[in-house]
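First up is the structure itself, then whatever we jot down about it.
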Amino acid sequence: MTSPPLSIKARQQEGVLELEWSHGTYRLPFRFVRGRCPCASCVSETTGIRVVDVEDVPSEIAPTSMQFTGNYAIKIAWNDGHDTGLFTWENLELLGKEFEAAAN
Ligand SMILES: [Zn+2]
């Protein structure tokens, strides 16, 4: 179980979601996060196949709001009108690791 981040900031000018944990900070591009949305309209519930990928996301994508859900996730609403994506802390940490692995 991943603990909540110490801070979550949407840095609009840089276009990154900054997630700070005591063990490290991840800076994830908005487009990458939006393209990894785990919701049922982005990933087929029956097949598990992703139907919306990073390539499908407009380059000017940005969050319009972030709302805490309990103490385990945030719900991100985007400027493309998509607002059903719930990102758990565990999910966000995995995204951070995936992004770092891709960058190295
Ligand atoms: Zn989605």
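Taking this note's numbering as reference, the numbering of the sequence shown is continuous, increasing by one, and the terminal residue is 837.
A virtual CB, placed ideally from N, CA and C, is assigned to each residue, including glycine.
The beta strand (DSSP E) enclosing residue i, as first and last residue numbers
i	result
T760	The sequence shown places Arg at residue 760, not Thr. Per DSSP, R760 belongs to the beta strand (DSSP E) from 757-762.
I807	806-811
P771	Run containing P771: none; DSSP gives neither H nor E here.
Q745	Unbroken run through Q745: none, as it is neither H nor E.
Assumed close pair residue i, residue j - CB separation to whole angstroms, cut-off 8 Å
i	j	result
P737	N804	6 Å
P791	A810	The Cβ separation is near 15 Å, so there is no contact.
Range covered by the alpha helix (DSSP H) that runs through residue i
i	result
L827	822-836
Buried/exposed call for residue i, threshold 16 Cβ in 10 Å
i	result
F801	exposed
G818	buried
R744	exposed
Any non-hydrogen atom of ligand 1 closer than 8 Å to residue i Cβ
i	result
S736	no
V785	yes
S777	no
Short Cβ contact (9 Å threshold) for residue i with residue j
i	j	result
W822	A806	yes
P762	F832	yes
Any chain C beta carbon closer than 9 Å to residue i
i	result
R769	As a matter of chain content, chain C is missing from the structure shown, which is built from one protein chain.
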